[in-house]
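J.:
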Amino acid sequence: MKRLAIVLAAGQGKRMKSKLYKVLHPVCGKPMVGHVLHTVEQVKSERTVVVVGHGAEAVQSYLGDSAEYVLQEQQLGTGHAVKQAKELLGQEQGSTIVICGDTPLVTAETLEGLLELHESNQAAATILTADMDNPAGYGRVIRGDKGAVLRIVEQKDCSPEEDAVCEINTGTYCFDNAKLFEALENVTNQNAQQEYYLTDVIGIMKQAGDKVLAYQTADEAESIGVNDRFALSEAEDHMRKRIAKRHMLNGVTVIDPSSTYIGADVTVGSDTTLYPGTVLKGTTVIGSDCVIGPNSEIEDSTLADGVMVKYSVLSQASVGSGTSVGPYAYLRPGSKLGENVKVGDFVEVKNATIDDGSKVSHLSYIGDAKVGKNVNVGCGAITVNYDGYNKSMTEIEDDAFIGSNVNLVAPVKVGKGAFVVAGSTITHSVAENDLAIARVRQENKPGYAEKIRSRAQAKKNNSSSSKPQ
1 MKRLAIVLAA GQGKRMKSKL YKVLHPVCGK PMVGHVLHTV EQVKSERTVV
51 VVGHGAEAVQ SYLGDSAEYV LQEQQLGTGH AVKQAKELLG QEQGSTIVIC
101 GDTPLVTAET LEGLLELHES NQAAATILTA DMDNPAGYGR VIRGDKGAVL
151 RIVEQKDCSP EEDAVCEINT GTYCFDNAKL FEALENVTNQ NAQQEYYLTD
201 VIGIMKQAGD KVLAYQTADE AESIGVNDRF ALSEAEDHMR KRIAKRHMLN
251 GVTVIDPSST YIGADVTVGS DTTLYPGTVL KGTTVIGSDC VIGPNSEIED
301 STLADGVMVK YSVLSQASVG SGTSVGPYAY LRPGSKLGEN VKVGDFVEVK
351 NATIDDGSKV SHLSYIGDAK VGKNVNVGCG AITVNYDGYN KSMTEIEDDA
401 FIGSNVNLVA PVKVGKGAFV VAGSTITHSV AENDLAIARV RQENKPGYAE
451 KIRSRAQAKK NNSSSSKPQ
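Mind the numbering: the sequence shown is residues 1 to 469 in full-length UniProt numbering, read in order.
1) By the DSSP assignment, the alpha helix (DSSP H) with A164 in it spans what residues?
2) Considering Cα atoms alone, identify which of K14, T126, M1, L76 is closest to Q93.
3) Which complete beta strand (DSSP E) runs does the segment 65-93 hold, if anything under 3 residues is left out?
4) Grab the span of the alpha helix (DSSP H) containing S368 for me, first residue to last.
5) Quick one: what's got a C-beta closer than 8 Å to R439's C-beta in the same chain, skipping five residues either side?
6) Tell me which same chain residues have a C-beta within less than 6 Å of the C-beta of A5, skipping the five on either side of it?
7) Tell me, please, which residues DSSP counts as bridged to E348.
8) Apart from the five residues on each side of it in sequence, which residues of its chain come closer than 7 Å, Cβ to Cβ, to D289?
9) Please name the residue in L128, Y173, E185, Q193 whose C-alpha comes closest to that of K156.
10) What's the C-alpha gap between K30 and L249?
11) What beta strand (DSSP E) runs, 3 residues minimum, are completely inside the segment 232-318?
12) Does I437 pass the burial test, meaning 16 or more other C-beta atoms within 10 Å, or should it be called exposed?
13) For A5, does the three-state DSSP call read helix, strand or coil?
14) Would the segment 19-38 and the segment 78-95 be scored as touching if the rule is three or more Cβ pairs under 8 Å?
15) Between A235 and I224, which are expected to be in contact by the criterion C-beta below 8 Å, what is the C-beta distance as a whole number of angstroms?
16) Which stretch, first to last residue, makes up the alpha helix (DSSP H) that contains A125?
17) Out of curiosity, what's the CA-to-CA distance linking L408 and E395?
18) Cα separation between K336 and G293?
19) Could you give the residue range of the beta strand (DSSP E) that holds K413?
20) I'd like to check one pair, H362 with V347: are the Cβ atoms closer than 8 Å?
21) Can you give me the start and stop residues for the alpha helix (DSSP H) that T110 sits inside?
22) Looking only at DSSP bridge pairs, what is N169 linked to?
23) Between G79 and L232, is the Cβ-Cβ spacing less than 8 Å?
24) The alpha helix (DSSP H) spanning I224 covers which residue range?
25) Who are the Cβ neighbours of A81 in its own chain at under 7 Å, not counting the five residues just before and after it?
26) Is the distance from the Cβ of G263 to the Cβ of L280 below 8 Å?
27) With a 10 Å radius around its C-beta and 16 neighbouring C-beta atoms as the bar for buried, classify E154 as buried or exposed.
28) Quick check on the DSSP output: the alpha helix (DSSP H) that includes E182 runs from which residue to which?
29) What are the boundary residues of the alpha helix (DSSP H) that S463 is part of?
30) Can you tell me whether A436 is helix, strand or coil according to DSSP?
31) Kindly identify the DSSP beta-bridge partner or partners of L213.
32) Among K83, T103, Q12, C100, whose alpha-carbon lies nearest the alpha-carbon of A58?
33) Would you call residue 470 buried or exposed, if buried means 16 or more other Cβ atoms sit within 10 Å of its Cβ?
34) In whole angstroms, give me the CA-to-CA distance for I402 and V226.
35) Are E299 and T323 touching if we call contact CB-CB under 8 Å?
36) Between the C-alpha atoms of D176 and A123, what's the straight-line distance to the nearest angstrom?
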């Protein structure tokens, strides 16, 4: 049977008190509507229509060609919103999922269960429900004496008896597509909110003698609809725990899940250990047998197997197997480290390649550079890459030795096996296997230190005697 989906994303989200469109607020680094679209894709929806309103351009810009779009110019209720999709889906036959764009916690497993129950029973509608200890704010699922679903009543329209019901409507449904749009023609706005409720479709179908079922999720967190910042924090908390659990079940050691952040689109290999304070963001990919943290942030980066990162920040970087980074290193965008490289404490790398076996161990800046294999860069050495107007490249070939406190003024090249003496400022290229020294010759003046101390003391004494008493 053909599967379709309608994602409701037209609400203004006034309670968020934000310039950002509600469904674009991220949960674990991914916009809420992105989570929903991914879930719908997992249950093999052939056509997905997103109903947009306020902020339509921003939603379309983010989702791109992954969905079709219809505009709800006036927010007149969920029933009215779904009806806008009729021009695209009205002639289709099959099962249609209706889901809100602000419910990022609904899982593909739950949607698949909902669809299977619906399709195997040839139902007109199947509601995703949940039992809640505190159902305030949610529509109630009203059942008959034999347990059959009769209708859904919104919170503001509940009688005292209906208000006491703990089974709630999560806002996610599966409909027979043809019967959905047929029933929508009979929905009115005769209610406390004067809106066209999608929930009224259930009662209309029951009155027509159609089969209406309910599928109850075991996890009430899936019912969370994010309408304010508090609900956003709840969704973030549940999603973060879910992501950490998934990685742990796949063989990743997370020492303290409560203090470890793993983004929704992050991949981590087995036998990797994540220490407290680790933050993994964006599309980061981490291999197997790595040790990350404590207190490290990695965003949109790729780490091969066996990498160690401690107290460091990596952004849009690539790190080869067996390489160690940190403590207190900063790999900026364009950093590419080969295998078995060492980037040590207080080293910054930007738009630079450091090839296999090379070491930059302490207090260095390597920017706009190409460093070959088995190069040693001493403490305090830097590439001087900017003249105030343009960035220039530095190239250091294989097996070169760069002494401590060396300035390599770009553009410059240090040849294979060359040796640059500590304290040098190199402004011209160094040929293969040459030794380069560029510093003022040392001169020692016997006894001169005592003269300096005497002069300084005399100056200090004169200064003190001239002050008013």
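Ideal placement from N, C-alpha and C gives every residue a C-beta, glycine not left out.
T.: Let me lay it out:
1) Run containing A164: none; DSSP gives neither H nor E here.
2) M1
3) 68-71
4) Reading off the sequence shown, one finds Asp at residue 368, where the question assumed Ser. No alpha helix (DSSP H) holds D368; the beta strand (DSSP E) holding it covers 365-371.
5) V421, G423, S424, T425
6) V40, S45, T48, I97
7) Y330, Y365
8) D271, T272, D305, G306
9) Q193
10) 22 Å
11) 279-281, 297-299, 313-315
12) exposed
13) strand
14) no
15) 5 Å
16) Note, A125: premise wrong, no alpha helix (DSSP H); beta strand (DSSP E) at 125-131.
17) 9 Å
18) 20 Å
19) 412-414
20) yes
21) 108-120
22) T129
23) no
24) No alpha helix (DSSP H) contains I224, which DSSP labels as neither H nor E.
25) L8, A10, V51, Q72
26) yes
27) buried
28) 177-184
29) 448-465
30) strand
31) T126
32) Q12
33) With the chain running from 1 to 469 in the structure shown, residue 470 is simply not present.
34) 55 Å
35) no
36) 7 Å
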